[in-house]
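2 protein chains.
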Amino acid sequence: MNISTPLTRPSLHEELVDRLREAIVDGTMEPGSKVPEKSLCETLGVSRTPLREALKVLANEGLVVLEPNRGARVATVTMEELEATFPVIAALERLAGELACDKATDAQIAHIRVRTEAMVRHHADADRSAYFKANQDIHDALMEAADNPVLSQNYRVLSSRAKRARFLANISQDRWDQAVREHQELLAALEARDGVRLGGLLQTHILNKFAALQASAEGSSHEA
Amino acid sequence: MNISTPLTRPSLHEELVDRLREAIVDGTMEPGSKVPEKSLCETLGVSRTPLREALKVLANEGLVVLEPNRGARVATVTMEELEATFPVIAALERLAGELACDKATDAQIAHIRVRTEAMVRHHADADRSAYFKANQDIHDALMEAADNPVLSQNYRVLSSRAKRARFLANISQDRWDQAVREHQELLAALEARDGVRLGGLLQTHILNKFAALQASAEGSSHEA
DNA sequence: TATTTGAATTATGAATTCATAATTCGGTCA
DNA sequence: TGACCGAATTATGAATTCATAATTCAAATA
Numbered sequence: 063m064n065i066s067t068p069l070t071r072p073s074l075h076e077e078l079v080d081r082l083r084e085a086i087v088d089g090t091m092e093p094g095s096k097v098p099e100k101s102l103c104e105t106l107g108v109s110r111t112p113l114r115e116a117l118k119v120l121a122n123e124g125l126v127v128l129e130p131n132r133g134a135r136v137a138t139v140t141m142e143e144l145e146a147t148f149p150v151i152a153a154l155e156r157l158a159g160e161l162a163c164d165k166a167t168d169a170q171i172a173h174i175r176v177r178t179e180a181m182v183r184h185h186a187d188a189d190r191s192a193y194f195k196a197n198q199d200i201h202d203a204l205m206e207a208a209d210n211p212v213l214s215q216n217y218r219v220l221s222s223r224a225k226r227a228r229f230l231a232n233i234s235q236d237r238w239d240q241a242v243r244e245h246q247e248l249l250a251a252l253e254a255r256d257g258v259r260l261g262g263l264l265q266t267h268i269l270n271k272f273a274a275l276q277a278s279a280e281g282s283s284h285e286a
Numbered sequence: 063m064n065i066s067t068p069l070t071r072p073s074l075h076e077e078l079v080d081r082l083r084e085a086i087v088d089g090t091m092e093p094g095s096k097v098p099e100k101s102l103c104e105t106l107g108v109s110r111t112p113l114r115e116a117l118k119v120l121a122n123e124g125l126v127v128l129e130p131n132r133g134a135r136v137a138t139v140t141m142e143e144l145e146a147t148f149p150v151i152a153a154l155e156r157l158a159g160e161l162a163c164d165k166a167t168d169a170q171i172a173h174i175r176v177r178t179e180a181m182v183r184h185h186a187d188a189d190r191s192a193y194f195k196a197n198q199d200i201h202d203a204l205m206e207a208a209d210n211p212v213l214s215q216n217y218r219v220l221s222s223r224a225k226r227a228r229f230l231a232n233i234s235q236d237r238w239d240q241a242v243r244e245h246q247e248l249l250a251a252l253e254a255r256d257g258v259r260l261g262g263l264l265q266t267h268i269l270n271k272f273a274a275l276q277a278s279a280e281g282s283s284h285e286a
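Heads up: the sequence lines are chains A and B, in that order.
Counting from 1 along the first sequence, just add 62 to a position and that's the residue number in our numbering.
Counting from 1 along the second sequence, just add 62 to a position and that's the residue number in our numbering.
Right, dumping it as structure tokens:
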């Protein structure tokens with residue numbers, strides 16, 4: 063039995079931050095919707111104090127907006143915000159690529175190869191949800207391999223904001239094909255441990271993803 | 063009289079976040095020191111609730127550490143943390159440089175020229191504090207010129223953590239001379255609106271700054 | 001009928017209270 | 001004298017209470 067670590071239970075507000083962040087990112091809590099403190103407290107079985115602490119933290123992360131004397135709302139995802147966010151994510155991934163080529167273990171690289179190969183299969187099978195899962199795994203694994211907690215923390219906060227753009231799922235087949243090719247190049251650069259190249263490819267990859275997202279949003283707004 | 067803006071007073075916790083962040087960054091609250099809620103409340107004239115909300119936010123930013131059932135401490139600045147932080151700051155400044163070359167107004171560039179020239183004078187006068195002020199102005203102005211709120215927000219959080227390394231003031235004369243030369247190159251690249259070049263120079267500039275800081279810390283730890 | 005007014009209700013911001021974990025300090029025993 | 005134990009004190013985590021701002025809704029007015 064583990065007796066070495068002093069048992070510390072996470073504080074309520076931390077659990078709430080995690081739970082709420084998840085609910086906001088996965089769309090359970092809709093962008094723009096009010097966050098009613100009272101009913102949420104009842105649902106979660108906590109008092110308003112830790113909930114409000116959690117909301118302050120999430121507001122600082124940009125996931126909720128606090129309106130004075132009017133409570134909290136789930137932040138909306140605007141194209142303007144994404145336009146500002148993606149270049150920053152791209153810059154962080156670029157750095158991650160550079161660092162990962164220096165620091166990744168062979169096992170980490172092997173894992174990314176496995177996931178990339180899986181991704182290629184999901185693409186061939188036209189299984190979008192499995193593809194997105196693999197895609198996310200790869201980017202997370204790269205961050206992990208970069209071995210920089212400050213970098214990965216900032217990345218997490220920004221991608222949680224970007225992930226909320228759920229219309230991202232509607233990218234074109236052309237873009238999807240291109241993304242898979244890009245991922246194969248990423249893998250090659252990583253295996254060659256060519257940091258500058260991997261960094262550049264990653265930055266471009268993310269910016270391309272945003273361009274595709276813009277195009278698909280453009281399309282859907284015309285449809286609607 | 064202004065009647066167009068609805069008058070909103072900032073909430074207590076926001077004011078506290080700003081006040082405490084400032085106190086932590088400028089060293090008024092020492093790294094590693096306990097944050098006694100009760101006495102701070104009395105000093106600031108608020109109750110514990112908004113203070114605790116502020117501490118949660120600052121903990122999320124990494125400026126304080128919450129120890130369960132033992133309250134908050136001002137986070138210590140370790141060399142490991144700086145080693146992780148500076149590359150991220152460098153990546154963000156690189157992006158800022160790239161964006162600024164696209165988006166800066168001529169007036170913004172002119173302002174950076176003015177501040178760079180002032181910095182050169184302060185260097186010649188060996189006026190360190192005026193030099194640091196000018197240096198900070200220039201980096202802030204570049205961020206401003208990049209015109210990306212997500213970028214500047216993340217930059218602010220990370221620099222507030224880096225700024226706490228006050229021993230940074232003890233850089234060598236050689237490094238100081240070099241930094242001034244680098245700033246002149248930065249200005250040239252900006253005026254040429256050569257984004258790729260400015261980005262690269264900025265990244266190197268920041269990483270050089272960290273290397274100097276490491277060297278000076280190395281020196282002072284041997285002295286001590 | 002549409003608009004406005006204002007009392008009643010509800011929700012929020014902040015202070016206070018309460019339960020419990022941590023710390024302090026005085027006494028005991030080796 | 002010095003290490004150890006336990007009661008008293010203090011600080012923290014969380015719930016509750018309180019004051020005030022926002023919202024709702026019915027009645028009054030045009």
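Beta carbons: idealized from backbone N, C-alpha and C, even for Gly.
In this text the structure is predicted, and so the values were computed from the model without any measurement.
Listed in chain order, the alpha helix (DSSP H) runs fully inside the segment 92 to 125 of chain B are 99 to 106, 110 to 123, counting runs of at least 4 residues.
Excluding sequence positions up to five before and after residue 268 (chain A), its CB lies within less than 7 angstroms of the CB of 148, 151, 152, 155, all in the same chain and listed in chain order. Taking 8 angstroms as the upper bound for CB-CB distance, residue 136 (chain A) and residue 97 (chain A) are in contact here, some 7 angstroms apart.
Contact between residue 165 (chain A) and residue 207 (chain A) is confirmed by a C-beta separation of about 6 angstroms, below the 8 angstroms threshold.
Residue contact check for residue 153 (chain B) against chain A: a CB pair falls below 8 angstroms. Counting C-beta pairs with one atom in each stretch, the segment 192 to 204 of chain B and the segment 185 to 196 of chain A have fewer than three that are closer than 8 angstroms, which means they do not touch. Secondary structure at residue 135 (chain A): strand, using DSSP grouped into helix, strand and coil. Within the DSSP bridge table, the entry for residue 127 (chain A) names A:135 as partners. The beta-carbon of residue 104 (chain B) is placed no less than 8 angstroms from the nearest beta-carbon of chain A. Taking all protein chains shown into account, residue 122 (chain A) has 16 or more neighbouring C-beta atoms within 10 Å of its C-beta and is therefore buried. The DSSP assignment places 190 to 208, 211 to 224 as complete runs of the alpha helix (DSSP H) inside the segment 181 to 224 of chain B, in order along the chain (cut-off: 4 residues). Of all residues in the segment 71 to 99 of chain A, the ones placed with a Cβ closer than 9 angstroms to any Cβ belonging to chain B are 71, 72, 73, 75, 76, 79, in chain order.
A Cβ-Cβ separation of about 4 angstroms places residue 74 (chain A) in contact with residue 112 (chain A) under the 8 angstroms criterion.
In the structure shown, residue 233 (chain A) falls within a coil segment according to DSSP collapsed to helix, strand and coil. Taking a cut-off of 8 angstroms for Cβ pairs, the segment 156 to 163 of chain B and the segment 200 to 214 of chain B touch, as three or more such pairs fall below it. Secondary structure at residue 261 (chain A): helix, using DSSP grouped into helix, strand and coil.
According to the DSSP assignment, residue 159 (chain A) belongs to the alpha helix (DSSP H) that extends over 141 to 165. For residue 256 (chain A), there is no enclosing alpha helix (DSSP H), as DSSP marks it with neither H nor E. Distance from the Cα of residue 204 (chain B) is smallest, within the candidate group B:279, B:95, B:174, for B:174.
Chain-order list of chain B residues neighbouring residue 146 (chain A): 210, 211, 212, 213, by C-beta distance under 8 angstroms. Per DSSP, the continuous alpha helix (DSSP H) segment holding residue 85 (chain B) begins and ends at 74 to 87. Check the Cα spacing between residue 108 (chain A) and each of A:81, A:89, A:133: the tightest is with A:81. Within the same chain, and ignoring the five residues on either side of residue 110 (chain A) in sequence, the residues whose Cβ sits closer than 6 angstroms to its Cβ are 99, 103. Of all residues in the segment 225 to 249 of chain B, none has a C-beta nearer than 9 angstroms to a C-beta of chain A. Using a Cβ-Cβ cut-off of 7 angstroms, residue 206 (chain A) is close to nothing in chain B; its nearest Cβ partner there is about 14 angstroms away. Look at residue 122 (chain A): its C-beta is under 8 angstroms from a C-beta on chain B.
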